[in-house]
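Enquirer: Have a look at this one.
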Amino acid sequence: MTNKSETKTVVLVDDHDLIRQGLARAFERAEDFVVVGHAGSVADGRKAVTALRPDVVVTDVRLPDGTGLDLVRGLRERDDAVGIVVLTMYAGDEQLFAALEAGASAFVAKDAPADDVVAAARHASVSPRSFTAANLADAMRRRMSPTGPQLSPRETDVLRLLAEGQGVSAIARTLFVSESTAKTHISKIYEKLGAANRAQAIMNAIRAGLLTGAERI
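Sequential numbering of the sequence shown, starting at 1, is according to the UniProt record's numbering.
Structural data, given as structure tokens:
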């Protein structure tokens with residue numbers, strides 16, 4: 001059994017109650033943590049942390065009244081000792097480095113196992129100013145690379161289909177994936193290319209040499 005004095009306290013910040021409840025159960029199973037508070041917005045997260053002074057804060061990036069990174073920056077400015085774990089649905093390089101620069105202790109994709117979040121919280125509680133992420137080394141290599149944006153093979157397939165003018169449904173059928181998966185690939189492509197829409201993504205891909213002449217439609 002874990003010694004009570006060694007138990008770390010956690011506040012969960014996410015606007016989806018089911019996600020908070022799932023994470024809470026994962027922390028309960030871990031035994032070395034106790035969830036002392038929940039919040040569904042940046043404002044409520046700040047209030048909960050101020051009132052409860054947890055050892056670790058786990059926050060989503062997308063919240064109804066702003067971004068979880070605003071919460072991270074504010075918490076880090078006031079407290080160097082609090083551990084902060086950032087969760088995100090879109091775990092691309094830009095989000096990873098934004099979390100690092102905001103002062104987070106760890107960065108975890110929402111589709112990762114709940115145990116990964118608990119492991120990140122353990123790191124955050126011990127080394128709040130030391131950043132960890134599953135693909136940090138690869139992200140650093142990509143940032144240092146002079147070759148520009150790096151797409152995965154599947155993202156390259158999706159980019160080519162976008163350039164051909166196919167929509168989400170058509171892309172999903174062509175690649176035998178769900179529409180949700182196709183949307184996720186498209187979002188990651190936009191993020192990596194610094195684009196807000198299809199036209200910008202295609203133009204930026206052309207400039208980066210990611211589309212050949214035959215694919216430029």
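The beta-carbon is built from N, C-alpha and C at its ideal position, and this holds for glycine as well.
Assign residue 60 to one of three DSSP states: helix, strand, or coil.
Expert: Looking at residue 60 - three-state DSSP - the assignment turns out to be strand.
Enquirer: Measure the alpha-carbon distance for residue 34 versus residue 85 and round it to whole angstroms.
Expert: If you take the alpha carbons of residue 34 and residue 85, they lie about 15 angstroms apart.
Enquirer: Per DSSP, what kind of secondary structure is residue 88 in: helix, strand or coil?
Expert: Residue 88: strand per DSSP, three-state reduction.
Enquirer: Mapping DSSP to helix, strand and coil, what is residue 123?
Expert: Here residue 123 sits in helix by DSSP.
Enquirer: Closest to residue 264 by C-alpha separation, out of 82, 200, 100, would be which residue?
Expert: This structure cannot settle anything about residue 264, because the visible part of the chain is limited to 1 through 217.
Enquirer: Under 8 angstroms: do the stretch 75-84 and the stretch 107-115 share three or more Cβ pairs, one atom per stretch?
Expert: At 8 angstroms Cβ cutoff, the stretches do not touch.
Enquirer: As a quick exercise: from 98, 188, 123, 174, pick the residue whose alpha carbon is nearest that of residue 56.
Expert: When each option's Cα is compared against that of residue 56, the closest is 123.
Enquirer: Helix, strand or coil: how does DSSP classify residue 38 here?
Expert: Residue state, collapsed to three classes: strand.
Enquirer: Do residue 17 and residue 41 have their C-beta atoms closer together than 9 angstroms?
Expert: Their beta carbons are not under 9 angstroms apart, which means residue 17 does not touch residue 41 by this criterion.
Enquirer: Since residue 33 sits in a beta bridge, which residues does DSSP pair it with?
Expert: Beta-bridge pairing links residue 33 to 8.
Enquirer: What is the rounded straight-line gap between the Cα of residue 68 and the Cα of residue 206?
Expert: Spanning the two alpha carbons is a distance of roughly 33 angstroms.
Enquirer: So, helix, strand or coil for residue 66, using DSSP?
Expert: Note: residue 66 maps to strand in three-state DSSP.
Enquirer: Given a cut-off of 9 angstroms, decide if residue 22 and residue 114 are closer than it, judged by their beta-carbon atoms.
Expert: Their beta carbons are under 9 angstroms apart, which means residue 114 touches residue 22 by this criterion.
Enquirer: Classify residue 149 as buried or exposed, calling it buried when 16 or more other Cβ atoms lie within 10 Å of its own Cβ.
Expert: Buried, by the Cβ-count rule.
Enquirer: With 16 as the cutoff for other CB atoms within 10 Å, does residue 188 come out buried or exposed?
Expert: Classification for residue 188: buried.
Enquirer: How far does the alpha helix (DSSP H) with residue 97 in it reach, from first residue to last?
Expert: Residue 97 -> alpha helix (DSSP H) spans 93-102.
Enquirer: Report the three-state DSSP secondary structure of residue 74 (helix, strand or coil).
Expert: The answer is helix: DSSP assigns residue 74 an H, G or I state.
Enquirer: Looking at C-alpha atoms only, which residue of 211, 181, 202 is the closest neighbour of residue 89?
Expert: With distances taken between Cα atoms, residue 89 lies closest to 181.
Enquirer: Going by the DSSP bridge assignment, what does residue 133 pair with across the sheet?
Expert: DSSP, once it has assigned bridges, lists 107 as partnering residue 133.
Enquirer: Leaving out five residues before and five after residue 73 in sequence, what residues of the same chain have Cβ atoms less than 8 angstroms from its Cβ?
Expert: These residues qualify, in order along the chain: 102, 103.
Enquirer: How about residue 61 and residue 11: are their beta carbons less than 9 angstroms apart?
Expert: Their beta carbons are not under 9 angstroms apart, which means residue 61 does not touch residue 11 by this criterion.
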